Amino acid sequence: MPACNPDLCLTLPDPLPLDSGATLAPVTIAYQQYGELSPERDNVVLIFHALTGDQYVASPHPATGKPGWWDRMVGPRKPIDTNRFCVISTNVIGGCMGSTGPASEGPDGKPYGQRFPVVTIHDMVRAIAGLLDVLEIDKVHAAVGGSMGGMQAMAFASDFPGRAERVLVLASAARQSAQNIAFHEVGRQAIMADANWNGGAYYDGAHPDAGLAVARMAAHITYLSEAGLTEKFGRRLQQRPDGSDGAKSFGFEADFQVESYLRYQGSGFTRRFDANSYLYITRAIDYFDLAETHGGRLADAFAHTSSRFCIVSFDTDWLYTTEESRHIVRALNAAGAPVSFVELSSPYGHDGFLLDTPGLDEVVQGFVS
Amino acid sequence: MSTLPDLRPDLAAIAGTIPDGSRVLDIGCGEGTLLAALAEHKGIDARGLEIDPERVATCVSRGLSVVQGDAEADLVHYPDDAFDYAILGQTIQMVDRPAEVIDALLRVGRSAFVSFPNFAHWRMRVALGLGGRMPVTPALPESWHATGNIRNLTVVDFKELVSDRGARIERSWYFAKGREIGEFGANLRAEFALFLIGRG
Chain A
1 MPACNPDLCL TLPDPLPLDS GATLAPVTIA YQQYGELSPE RDNVVLIFHA LTGDQYVASP
61 HPATGKPGWW DRMVGPRKPI DTNRFCVIST NVIGGCMGST GPASEGPDGK PYGQRFPVVT
121 IHDMVRAIAG LLDVLEIDKV HAAVGGSMGG MQAMAFASDF PGRAERVLVL ASAARQSAQN
181 IAFHEVGRQA IMADANWNGG AYYDGAHPDA GLAVARMAAH ITYLSEAGLT EKFGRRLQQR
241 PDGSDGAKSF GFEADFQVES YLRYQGSGFT RRFDANSYLY ITRAIDYFDL AETHGGRLAD
301 AFAHTSSRFC IVSFDTDWLY TTEESRHIVR ALNAAGAPVS FVELSSPYGH DGFLLDTPGL
361 DEVVQGFVS
Chain B
1 MSTLPDLRPD LAAIAGTIPD GSRVLDIGCG EGTLLAALAE HKGIDARGLE IDPERVATCV
61 SRGLSVVQGD AEADLVHYPD DAFDYAILGQ TIQMVDRPAE VIDALLRVGR SAFVSFPNFA
121 HWRMRVALGL GGRMPVTPAL PESWHATGNI RNLTVVDFKE LVSDRGARIE RSWYFAKGRE
181 IGEFGANLRA EFALFLIGRG
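Residue numbers (UniProt numbering), protein chains in the order written: chain A, 1 to 369; chain B, 1 to 200.
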């Protein structure tokens, strides 16, 4: 687990009550800040990350050295302009980039592993609200998130009415679908089937990397579109180790370029992510159903909100479909909340919110500003 | 509030009629010209519905609350009485089921503005009656095979439809050559008509 820079890491003063009934303490939140906080403390743009994201939105990732995951969107003179806004991004609880999670030390000084309590999306935003309290930020100018980040943004608006002036939800849903739960379960089973799994108590030895890599490979497919995969790889074959070009191995090497790509994605992921965190965070997403505590009526979840909303979907996203976004929009309309909605056209599938999708920058900039 | 900017005359009539502080839904709001004018000059936080995603993106980037959707598929999801005014600008002639759309407008809005090109304008009558061809005029600039106007109607037809649906006409405006004209002979003289209708 990476060391936590004390400048950008904060321990909440109080124990955190969880939806499960358990309590988590102490709770450390690792976060990043880009841009200056105004004297009135009213220019904060809060960014929530997706399943495998982290707080490194616009600065290099400490483990991989790669640019931040939303570097193209956040920075000086970028759509979310850090010359004007103070962007705060946190690592979720249950994560593995400095916030308290299953790899953190439990009460006995050993990593929690599976002793870590199951957390929910609502628990995650409760922790973030606790961070904002400590930072003395009553209200954020905008709460922004894609995918699981969008779930957090909606939960933040619903659970803390009045604390977000604007809520921007990209490629997300108000509830996790059966199909998406099923994909998550495949990933979790791959991790738990790994010989190194050891019931989650693997921190002293080899980690269940093979299982985690398979989980990532399966999930990665769901982030892309068939058209995108076909265009990028088609049925093209890899160059063989002996230099022969595009020949089949008549075995089970990564013959196809798409296989090689997925294996690379899988193994790269294990260098920056903890298998237990993958289990906990996917479980938090699976449990998410914003209407559940409002008698099944999503509009009631937004009944007390004072935020303006913008919901964006992507036409090739089959993980969090346009229909899921429309479901949110209808509920917001029923609740009388000011809402915008647009389905953008993109070849990138679910990843459309992270990439250069035409129109996305203008929508984000226009809504946030 | 400051004076209204140079709006198309039907939009200017709408903006001039809606009282400050009203709740407004503009269906087919395009790039949000009317919404922006209502927000800027009347302090009205109006909402829009627009089918074209690029126009929606333009609206959102202007800070307007606009949902991608259309009158027939999406109005059904808005609650009763959600708005004081629903606006359907030059769209009624493009929908599959105009009668149901009128009902929906007066369900989500207490009143509704509806404007359309008048197919009984004398130019249309000349083109069809004497020329024997589907009219192509400044008001209806596309030929029959390219136009989205699948349900052309006249001032008289619209009045009849409103009456059939149990609604009533509160006000009407008629336009020719970009200017408002009087009601006299409107079904012959008006290129465009605008009605404010209410529940019967």
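We put the beta carbon where it would ideally sit given N, CA and C, even for glycine.
Since this is a predicted model, take the numbers as computed values, not measurements.
Exercise. Can you round the beta-carbon distance between I51/B and D70/B to whole angstroms, since I take them to be within the 8 Å contact cut?
Worked result: The C-beta distance from I51/B to D70/B rounds to 5 Å, short enough to meet the 8 Å contact threshold.
For this session: Please confirm if S22/B has its CB atom under 8 Å from at least one CB of chain A.
Result: At a cut-off of 8 Å between beta carbons, S22/B makes no contact with chain A.
Exercise. With 16 as the cutoff for other CB atoms within 10 Å, does R216/A come out buried or exposed?
Worked result: Label assigned to R216/A: buried.
Exercise. Where does the unbroken alpha helix (DSSP H) through V125/A begin, and where does it stop?
Worked result: Boundaries of the alpha helix (DSSP H) harbouring V125/A: 121-134, taken from the DSSP string.
Exercise. What residues of chain A sit near D70/B, judged by a beta carbon separation below 7 Å?
Worked result: Those do not exist, as D70/B stays about 12 Å from chain A at its closest Cβ, beyond 7 Å.
For this session: Would you tell me roughly how many angstroms separate the C-alpha atoms of A25/A and A331/A, rounded to the nearest one?
Result: Across the structure, A25/A and A331/A are spaced so that their CA atoms are roughly 35 Å apart.
Problem set entry | 8 Å contact criterion, which I281/A and V92/A should meet: CB distance rounded | 7 Å between Cβ atoms; contact.
Exercise. To which residues of the same chain is A219/A closer than 6 Å at the C-beta, ignoring the five residues directly before and after it?
Worked result: If we look at A219/A and ignore the five residues flanking it on each side, its Cβ neighbours are G187.
Problem set entry | V363/A versus V155/B - alpha carbon distance | When the Cα atoms are used, V363/A and V155/B turn out to be separated by approximately 39 Å.
Exercise. What residue range is occupied by the uninterrupted alpha helix (DSSP H) comprising C59/B?
Worked result: Note, C59/B: alpha helix (DSSP H), 53-61.
Exercise. Using a beta-carbon distance below 8 Å, is A82/B in contact with chain D?
Worked result: Of the protein chains in the structure, A and B, none is chain D.
Exercise. Skipping 5 residues on each side, what residues in its chain have a beta carbon closer than 7 Å to that of A3/A?
Worked result: Any reading at A3/A needs caution, since the residue's pLDDT is 48, under 50, leaving its predicted position unreliable; the model's value is listed next. Once the five neighbours on either side are set aside, A3/A has no close Cβ partner at all.
Exercise. Can you tell me where the alpha helix (DSSP H) with A182/A in it begins and where it stops?
Worked result: A182/A -> alpha helix (DSSP H) spans 178-192.
Exercise. Of the residues that make up the region 296-314 of chain A, which ones have a beta carbon closer than 8 Å to any beta carbon in chain B?
Worked result: Residues of the region 296-314 of chain A that bring their beta carbon within less than 8 Å of a beta carbon in chain B comprise R308, C310, in sequence order.
Exercise. Residues in the region 160-188 of chain A with C-beta within 7 Å of chain B's C-beta atoms, listed in sequence order?
Worked result: Residues: none.
Exercise. Closest to G352/A by CA distance: which of W70/A, L16/A, F309/A, R297/A is it?
Worked result: Of the candidates W70/A, L16/A, F309/A, R297/A, the one whose C-alpha sits nearest the C-alpha of G352/A is W70/A.
For this session: Say whether chain B places a C-beta atom closer than 8 Å to the C-beta of N43/A.
Result: Not one chain B Cβ lies under 8 Å of N43/A.
Exercise. Mind pulling the chain B residues with CB within less than 7 Å of A334/A?
Worked result: Residues of chain B with a Cβ closer than 7 Å to the Cβ of A334/A are, in chain order, P79.
Exercise. In terms of DSSP beta bridges, what is L194/B paired with?
Worked result: Looking at the DSSP assignment, L194/B forms a beta bridge with S115/B, W173/B.
Exercise. Quick one: which chain A residues come within Cβ less than 7 Å of R107/B?
Worked result: What R107/B touches in chain A: nothing, since even the nearest Cβ is about 13 Å away.
Problem set entry | Three-state secondary structure (DSSP) of I47/A | Annotated three-state conformation of I47/A is strand, per DSSP.
Problem set entry | For Y85/B, three-class secondary structure by DSSP | Looking at Y85/B - three-state DSSP - the assignment turns out to be strand.
For this session: Return yes when the Cβ of H141/A is within less than 8 Å of the Cβ of V74/A, no when it is not.
Result: Taking 8 Å as the cut-off, the beta carbon of V74/A is found no closer than this to the beta carbon of H141/A.
Exercise. Can you name the residues of chain A whose CB is closer than 8 Å to the CB of P53/B?
Worked result: The contacting residues are V342, E343, L344, S345, G359.
Exercise. If L140/B sits next to T147/B, beta carbons under 8 Å apart, how far is it from one beta carbon to the other, in whole angstroms?
Worked result: About 7 Å separates the beta carbons of L140/B and T147/B, which is inside the 8 Å limit, making them a contact pair.
Problem set entry | Residues bridged to Y90/A (per DSSP) | Residue identity check: residue 90/A is Thr in the sequence provided, not Tyr. Bridge partners of T90/A: Y31/A.
Exercise. Straight-line CA distance for A73/B to A164/A?
Worked result: Their Cα atoms are separated by approximately 31 Å.
Exercise. If we cut at 8 Å on Cβ distances, does D10/B have a partner in chain A?
Worked result: By this cut-off, D10/B is not an interface position.
Exercise. Which runs of the beta strand (DSSP E), 3 residues or longer, sit entirely within the region 255-320 of chain A?
Worked result: 308-314, all fully within the region 255-320 of chain A.
Problem set entry | Paired residues, beta bridge with D340/A - DSSP | For the sequence presented, residue 340/A should be read as Ser rather than Asp. According to DSSP, S340/A bridges with C310/A.
Exercise. Just reading off the beta strand (DSSP E) that T11/A is part of, what are its end residues?
Worked result: In the DSSP assignment, T11/A falls within the beta strand (DSSP E) that extends over 9-11.
Exercise. What first and last residue would you give for the beta strand (DSSP E) that runs through D26/B?
Worked result: Membership of D26/B in the beta strand (DSSP E) is indicated by the continuous run 24-27.
For this session: Out of P117/A, L319/A, D204/A, G205/A, point me to the one whose CA is closest to A174/A's CA.
Result: The candidate whose alpha carbon is nearest that of A174/A is L319/A.
Problem set entry | Residue from A335/A, W197/A, V329/A with nearest C-alpha to Y278/A | Nearest in C-alpha terms to Y278/A, of all of A335/A, W197/A, V329/A, is W197/A.
Exercise. Among G166/B, A104/B, S111/B, which residue has its Cα nearest to the Cα of P19/B?
Worked result: Comparing Cα-Cα distances from P19/B to each of G166/B, A104/B, S111/B, the minimum goes to S111/B.
Exercise. Quick one: Cα of S307/A to Cα of A143/A, how far?
Worked result: Those two C-alpha atoms are separated by around 10 Å.
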